[in-house]
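In what follows, a single structure is set out as structure tokens and then discussed.
Protein chains: 2
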Amino acid sequence: MAAHVQDVIMLLGDSLTQGGFDLNGFAAKLARAPVPQHHLALDMRMDVLNRGFSGYNTEWALPVFEQCFATKEEQKYAPKVRLLVIWFGANDAAPPPKAQYVPLERFRANLRTMLWTVSAPESARYSPDTRVVLMTPPPVSTGQRGRAQRAKEPPRENDREFETTRRYAEAVSEVGKTEGVPVVDLWGRLYEAAGRDEVGLEEFLTDGLHLNEKGYAIVFEELVKAIKENYPEYHYDNLKSVFP
Amino acid sequence: MAAHVQDVIMLLGDSLTQGGFDLNGFAAKLARAPVPQHHLALDMRMDVLNRGFSGYNTEWALPVFEQCFATKEEQKYAPKVRLLVIWFGANDAAPPPKAQYVPLERFRANLRTMLWTVSAPESARYSPDTRVVLMTPPPVSTGQRGRAQRAKEPPRENDREFETTRRYAEAVSEVGKTEGVPVVDLWGRLYEAAGRDEVGLEEFLTDGLHLNEKGYAIVFEELVKAIKENYPEYHYDNLKSVFP
Chain Y
712 MAAHVQDVIM LLGDSLTQGG FDLNGFAAKL ARAPVPQHHL ALDMRMDVLN RGFSGYNTEW
772 ALPVFEQCFA TKEEQKYAPK VRLLVIWFGA NDAAPPPKAQ YVPLERFRAN LRTMLWTVSA
832 PESARYSPDT RVVLMTPPPV STGQRGRAQR AKEPPRENDR EFETTRRYAE AVSEVGKTEG
892 VPVVDLWGRL YEAAGRDEVG LEEFLTDGLH LNEKGYAIVF EELVKAIKEN YPEYHYDNLK
952 SVFP
Chain Z
712 MAAHVQDVIM LLGDSLTQGG FDLNGFAAKL ARAPVPQHHL ALDMRMDVLN RGFSGYNTEW
772 ALPVFEQCFA TKEEQKYAPK VRLLVIWFGA NDAAPPPKAQ YVPLERFRAN LRTMLWTVSA
832 PESARYSPDT RVVLMTPPPV STGQRGRAQR AKEPPRENDR EFETTRRYAE AVSEVGKTEG
892 VPVVDLWGRL YEAAGRDEVG LEEFLTDGLH LNEKGYAIVF EELVKAIKEN YPEYHYDNLK
952 SVFP
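Going down the list, the protein sequences come from chains Y and Z. For reference, each letter of the first sequence is one residue, going 712 to 955 in this note's numbering. For reference, each letter of the second sequence is one residue, going 712 to 955 in this note's numbering.
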């Protein structure tokens, strides 16, 4: 059995998070060995627990999140979650009649419930030592998505809308603003990197929806920047190794 | 705080393990999302805890391993280590006067102590549910190592010997055989892949000692093969996901 020798980074989200150990993804980079010259905020001095669930929206993820996060009673024996990264929207924004669709207001409410789960003293999972970062879903490239869907067996239709996902990304930013939680605006950052061009986004995506290695590199870069700005105590230089 | 929702794979070793999340390394691949078509034995249904310590030999790792592995008392509240991968030898084999040098007999004894720590009923850390795999150190390419060392500032000397590391790899295999623990013979597998040619090994190494992406790919492949053969209950098809 594993003793609790290191604190934890928990990554909560959908397939974009689940894939975070692939393609030199952001989970793998967060979990990697200390590389001081990169000035990484986080490294193997924390264990990375990937709680990304392919296909999930915020509605389905809420009860799973409760399973993943220890109650106050359990916290006595559980490793400390120093950082919680919450990354949803890519599936919530699937237009009806997709089963994954979650109305925008409900999406906002679900994100607030997730934040509240760890930040409200009256919550059974109150965890004052847990710092939280929200991330917006990446922009979709509907042309690329359509081609990827049609290439499936049997062929399917494009199942995302550029503008809808943009609104869900904005909703994440709004929730972060009103709740005082830092937001990594991947939607904006990737769209800028693509020259504000939907087709240009194909450079960062595998199928119009999921990120490729180049896309994940930006996720890692932006996440580390957000940690450095908002939680400087977690920056590499300020973390001590558990072991000599 | 993280609840114990998934079991754990613990990777114990030196810098070769520590780097396992880099370069699409074996730790990242073990931790990745389920990919049934790859018939991976292990996936994100278990959390990967990297306990690789750069520069460590078995002598220094022993007390650290005790810190990392829960005692019987602590095990009630700790996630279950279903698989423990022990990978040492690369530093133990550093010829004297390197401080890392551990005599061959002592190296064997230390590996046995590690195995005993989890397998002996009288051990404070006895853990009958933990399956163990030993891995041999990779072969060194002394020419490449010498060049890498001379390129450092200040320049250093080659600090490994091809034959010595080979003997430490053999010692790992012997310990596995006498203790009844499966061994992944990376030394043999990589040397074969290099056409039994020390210079050919450069294809799999970064500096004559550490693995590159191609080398790590073989580590992953061989480790999964060993799990499949020795612990078929851990094969992908036989693992249930904690979440739907």
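Just so you know, even glycine gets a beta-carbon here, dropped at the ideal spot from N, CA and C.
Pairwise C-alpha distance: residue j and residue i
i: A772(Z); j: S726(Z); result: 12 Å
i: Q729(Z); j: G731(Y); result: 18 Å
i: T853(Z); j: F799(Z); result: 19 Å
i: R877(Y); j: Y902(Y); result: 10 Å
i: K783(Y); j: W827(Y); result: 14 Å
i: A752(Y); j: I938(Y); result: The pLDDT assigned to A752(Y) is 36, lower than 50, so where the model puts this residue is not dependable; a value taken from the coordinates is nonetheless given after this. Computed Cα separation, rounded: 7 Å.
i: D754(Y); j: M757(Z); result: With a pLDDT of 41 at D754(Y), under the threshold of 50, the predicted position of this residue should be treated as unreliable, though the coordinate-derived value follows. Between D754(Y) and M757(Z), the C-alpha separation is close to 20 Å.
i: G926(Z); j: F780(Y); result: 36 Å
i: E816(Z); j: A810(Z); result: 17 Å
i: R907(Z); j: K936(Z); result: 22 Å
i: P806(Z); j: G766(Z); result: 14 Å
i: V746(Z); j: D733(Y); result: Note on V746(Z): pLDDT 43, under 50, position unreliable in the model; no value is reported.
i: G899(Y); j: A831(Z); result: 56 Å
i: Q717(Y); j: R793(Y); result: 10 Å
i: N802(Z); j: E868(Z); result: 15 Å
i: P866(Z); j: A859(Z); result: 9 Å
i: S838(Z); j: F915(Y); result: 45 Å
i: E940(Y); j: G891(Y); result: 14 Å
i: Y945(Z); j: I720(Z); result: 11 Å
i: G911(Z); j: T917(Z); result: 12 Å
i: K863(Y); j: A789(Y); result: 43 Å
i: E785(Z); j: M825(Z); result: 18 Å
i: E833(Z); j: T889(Z); result: 20 Å
i: R743(Z); j: E924(Y); result: 14 Å
i: L934(Z); j: P943(Z); result: 13 Å
i: P774(Z); j: P774(Y); result: 39 Å
i: N761(Y); j: N761(Z); result: 14 Å
i: S884(Z); j: P808(Z); result: 26 Å
i: Q748(Z); j: T875(Z); result: For Q748(Z), the pLDDT reaches just 33, beneath the cut-off of 50, and the residue's location in the model is therefore unreliable, although a value from the coordinates is still provided. If you take the alpha carbons of Q748(Z) and T875(Z), they lie about 40 Å apart.
Proximity below 8 Å, CB of residue i to CB of residue j
i: K787(Y); j: D840(Y); result: no
i: A904(Y); j: P848(Y); result: no
i: R819(Y); j: A880(Y); result: no
i: G763(Z); j: G736(Z); result: no
i: V886(Y); j: R823(Y); result: yes
i: E777(Z); j: N821(Z); result: no
i: L845(Y); j: I797(Y); result: yes
i: A739(Z); j: L722(Z); result: no
For residue j and residue i, believed in contact at Cβ under 8 Å, the rounded distance
i: N768(Z); j: V813(Z); result: 5 Å
i: R871(Z); j: R856(Z); result: 5 Å
i: V843(Y); j: L795(Y); result: 5 Å
i: V851(Z); j: L920(Z); result: 6 Å
i: E913(Y); j: F873(Y); result: Contact doesn't hold; Cβ gap of about 13 Å is too wide.
At least 3 beta-carbon pairs within less than 8 Å: the region 922-931 of chain Y vs the region 894-903 of chain Y: yes
For the region 720-742 of chain Z, enumerate the residues whose C-beta is nearer than 7 Å to any C-beta of chain Y, in chain order. Across the region 720-742 of chain Z, CB contacts with chain Y closer than 7 Å involve M721, Q729, G730, F732, D733, N735, A739, A742, in sequence order along the chain.
Looking at chain Z, which residues of the region 781-801 of chain Y have a Cβ within less than 7 Å of any of its Cβ atoms? Answer in chain order: A781, E785, Q786, Y788, A789, P790, K791, V792.
Residues in the region 803-825 of chain Y with C-beta within 7 Å of chain Z's C-beta atoms, listed in sequence order? none
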